[in-house]
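*Asks:*
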Amino acid sequence: MSAAETRRIEKLAGRRIRDRIPAAYLTHEAWLGDFRFYVDRRVIVPRSFIAELLPDGVAPFLQRPVRTALDMCTGSGCLAVLLAHAFPGARVDGIDLSAGALAVARRNVAAYRLASRIRLAKSNLFDAVPARRRYDLIVSNPPYVDAASMRRLPDEYRSEPRVALAGGTDGLVLVHRILEGARRHLNPRGALVCEIGHNRKALERACPRAPFTWLDTSAGDGYVFLLEREQIPA
């Protein structure tokens with residue numbers, strides 16, 4: 019590296035240590051698997067166990083080809099981009115409540131030249147999704163941090179948008195709403211894949227009749243569930 023590059027890296031490292039700002043915000047770059055994404059403080063730093071599962075960890079459980087997919091709470095658009103690569107013939111919708119997040123997502127979709135296949139829209143979960151729109155696969159990495167954990171977050175996480183983290187008292191407020199809406203917007207035998215953090219026991223207590231399939235990730239099998247449309251409680 020040149021002397022100028024070394025000084026720049028030292029300056030960034032100093033800010034990372036002193037101000038506890040995630041490195042991704044300082045460099046405007048984050049990686050999810052083999053994919054590079056632009057990020058800034060309008061979105062959380064890309065991280066999701068769902069990325070590990072596309073397509074091979076999900077495909078054995080899917081009962082129909084994926085021609086239409088939805089990334090709920092798309093944020094930076096990272097999972098929407100991964101869905102488009104995992105299922106080359108599919109059209110993908112990415113929705114988010116935050117206009118700022120969607121601006122970041124548009125930048126990443128454009129970087130991968132996927133604007134013809136990925137449609138981004140502002141919506142509070144399913145509120146702005148047309149009533150007749152149906153998907154073969156819905157994935158979501160929604161806000162799921164419970165209230166007690168939110169109060170204990172390290173400073174690095176406090177740099178991220180609170181709206182993208184906070185999931186209510188038990189962390190499952192948005193997850194329940196996603197379950198309610200997914201049944202209406204999935205095709206027959208379509209599937210919902212949702213990440214919920216450490217909330218498996220709480221979700222199973224809340225939905226005792228739902229036959230969750232817990233997908234195996236690098237952290238274990240309690241973080242991402244799959245339900246077919248017909249398995250989602252009415």
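Residue numbering for the sequence shown follows my numbering, beginning at 19 and increasing consecutively. Here a beta-carbon is modelled for each residue, glycine too, at the ideal position from N, C-alpha and C.
According to DSSP, what are the bridge partners of F243?
*Replies:* By 1-based counting over the sequence shown, the position of residue 243 is 225. C212 and W232, per the DSSP bridge assignment.
*Asks:* So for D173, helix, strand or coil by DSSP?
*Replies:* Position 155 of the sequence shown holds residue 173. In the structure shown, D173 sits in a helix (DSSP, three-state: H, G or I).
*Asks:* I need the boundaries of the alpha helix (DSSP H) containing I27, first residue and last residue.
*Replies:* By 1-based counting over the sequence shown, the position of residue 27 is 9. It spans A21 to D37 - the alpha helix (DSSP H) in which I27 sits, taken as one unbroken run.
*Asks:* Considering only DSSP beta bridges, list what K140 is partnered with.
*Replies:* Residue mapping note: residue 140 aligns to position 122 of the sequence shown, counting from 1. BP columns for K140 point to D114.
*Asks:* I'd like to check one pair, I196 with P148: are the Cβ atoms closer than 8 Å?
*Replies:* Within the sequence shown, residue 148 is the residue found at index 130, counting from 1. Within the sequence shown, residue 196 is the residue found at index 178, counting from 1. No; because the gap between Cβ atoms is not below 8 Å, this pair is not in contact.
*Asks:* With distances taken Cα to Cα, identify the nearest neighbour of A119 among R176, H203 and A139.
*Replies:* In the sequence shown, residue 119 corresponds to position 101, counting from 1. Nearest option by C-alpha distance: A139.
*Asks:* What number of angstroms, rounded off, separates the C-alpha of S66 from the C-alpha of M168?
*Replies:* Looking up residue 66 in the sequence shown gives position 48. Looking up residue 168 in the sequence shown gives position 150. Roughly 18 Å separates the two Cα atoms.
*Asks:* What is the DSSP secondary structure of T45, reduced to helix, strand or coil?
*Replies:* Locating residue 45 in the sequence shown gives position 27, where the first residue counts as 1. Three-state result, T45: helix.
*Asks:* Suppose contacts are defined by Cβ-Cβ distances below 8 Å. Is V63 in contact with D89 by that definition?
*Replies:* The sequence position of residue 63 within the sequence shown is 45, counting from 1. The sequence position of residue 89 within the sequence shown is 71, counting from 1. Not a contact, by the Cβ cut-off of 8 Å.
*Asks:* May I ask which residues mark the beginning and end of the beta strand (DSSP E) holding A182?
*Replies:* Counted from its first residue, the sequence shown places residue 182 at position 164. Run containing A182: none; DSSP gives neither H nor E here.
*Asks:* Under 8 Å: do the stretch 165–183 and the stretch 224–239 share three or more Cβ pairs, one atom per stretch?
*Replies:* no
*Asks:* L50 bridges to which residues according to DSSP?
*Replies:* Reading the sequence shown from its first residue, position 32 is the one you call residue 50. Bridge partners of L50: F53.
*Asks:* Would you call the CB atoms of V211 and V157 closer than 8 Å?
*Replies:* Looking up residue 211 in the sequence shown gives position 193. Looking up residue 157 in the sequence shown gives position 139. Yes, the Cβ-Cβ distance between V211 and V157 is below 8 Å.
*Asks:* Less than 8 Å separating the beta-carbons of A146 and R201?
*Replies:* Position 128 of the sequence shown, counted from the first residue, corresponds to residue 146. Position 183 of the sequence shown, counted from the first residue, corresponds to residue 201. No, Cβ-Cβ distance for A146 and R201 is not below 8 Å.
*Asks:* In this structure, what does DSSP give as the bridge partners for D89?
*Replies:* Position 71 of the sequence shown, counted from the start, is the residue given in the question as residue 89. G112 and V157, per the DSSP bridge assignment.
*Asks:* To the nearest angstrom, how far is the alpha carbon of M19 from that of G51?
*Replies:* For the purposes of this step, residue 19 is taken as the residue at position 1 of the sequence shown. For the purposes of this step, residue 51 is taken as the residue at position 33 of the sequence shown. When rounded, the distance between both Cα atoms is 26 Å.
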